[in-house]
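Note sheet for the following structure.
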Amino acid sequence: EWWFRPENGGGNCSFFDQRDRFHNLRLYSRGEQDTKIYKDLITGGSDESYTNYDWRPLQIIPKFVKLLSNQMSERLFDIKAEATDKLKLKYKPSIEIAAEEALKFTLDLNDYDEVQSRVIEDIAVLGVGGIKHWTDPSKGICTKWVDPADCVHSQPKHRNFKDVHYYGEAERITINELK
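Residues in the sequence shown are numbered from 188 upward in steps of one, following my numbering.
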């Protein structure tokens, strides 16, 4: 970050510009934006006659974000495992039940409902969201929420990011965690 500061001779950096833009969007979505813009717009910058007004932002956008996020957070799918069987059994084989239970356990282990709600909120506020998944030798399938402000990727032409050539995540770690 020090490298890209203008006082150190650095130029614009799309990563830090995007991170600042996402920070401002999150402030607006929580109703915590800076009110100086509105004060200067109404008062002209120097007029003191409006000092008794309550300049707190109206809490309209946070209500819409919560409403949208809650409606989208409902489970969009039910976990169902069915074998392709030509015999058309009248009962459900134990392997199908085991597969369903394993999938439910994996989602519960990763607290997938919380991850999904954070991604949905990011999509509502920022217009983009992400989940990272990997296979851990001891834990199995793992998922975690990825902050879009910490993502690095090539410029997409499609809104669904299907043509992006690379992805990356900037993680903050301590010196002790660095190996």
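C-beta: ideal position from N, C-alpha, C; glycine also.
Classified as exposed, aspartate 265 has fewer than 16 neighbouring CB atoms from the shown chains inside 10 Å of its CB. Annotation: histidine 345 is outside any alpha helix (DSSP H) and is labelled neither H nor E by DSSP. Taking C-beta atoms under 8 angstroms as the contact rule, serine 256 and glutamate 308 qualify, at a distance of about 5 angstroms. The C-alpha of lysine 226 is placed about 52 angstroms away from the C-alpha of threonine 322.
Across the set Glu287, Asp298, Lys366, Thr330, the C-alpha of Glu287 shows the shortest separation from the C-alpha of alanine 268.
Residue pairing by DSSP puts glutamate 356 in a beta bridge opposite Cys338.
Annotation for arginine 206: Ala336 place their beta carbon closer than 7 angstroms to its own, counting only its chain and skipping 5 residues before and after.
Residue Gln303 holds the alpha-carbon nearest to the alpha-carbon of glutamine 258 among Pro280, Leu296, Gln303, Tyr299. Only buried fits phenylalanine 209, as 16 or more other CB atoms lie within 10 angstroms of its CB. Taking C-beta atoms as the reference points, isoleucine 318 and valine 333 count as a pair closer than 8 angstroms. Within the same chain, Thr293 come within 7 angstroms of glycine 327 by CB-CB distance, once the 5 residues on both sides are set aside. In this structure, asparagine 297 places its C-beta atom within 8 angstroms of the C-beta atom of cysteine 329. In this structure, DSSP gives valine 315 a state outside helix and strand, which the three-state scheme calls coil. Check the Cα spacing between glutamine 220 and each of Arg305, Leu245, Ser341: the tightest is with Leu245. A distance of 8 angstroms or more separates the beta carbons of valine 306 and glycine 314.
By the Cβ neighbour-count rule, serine 216 is buried, with 16 or more other Cβ atoms within 10 Å of its own. The secondary-structure analysis by DSSP pairs glycine 327 across a beta bridge with Asp323. If you draw a straight line from the Cα of valine 351 to the Cα of arginine 243, it is about 40 angstroms long. Checking the DSSP bridge columns, you'll see valine 333 partnered with Gly317.
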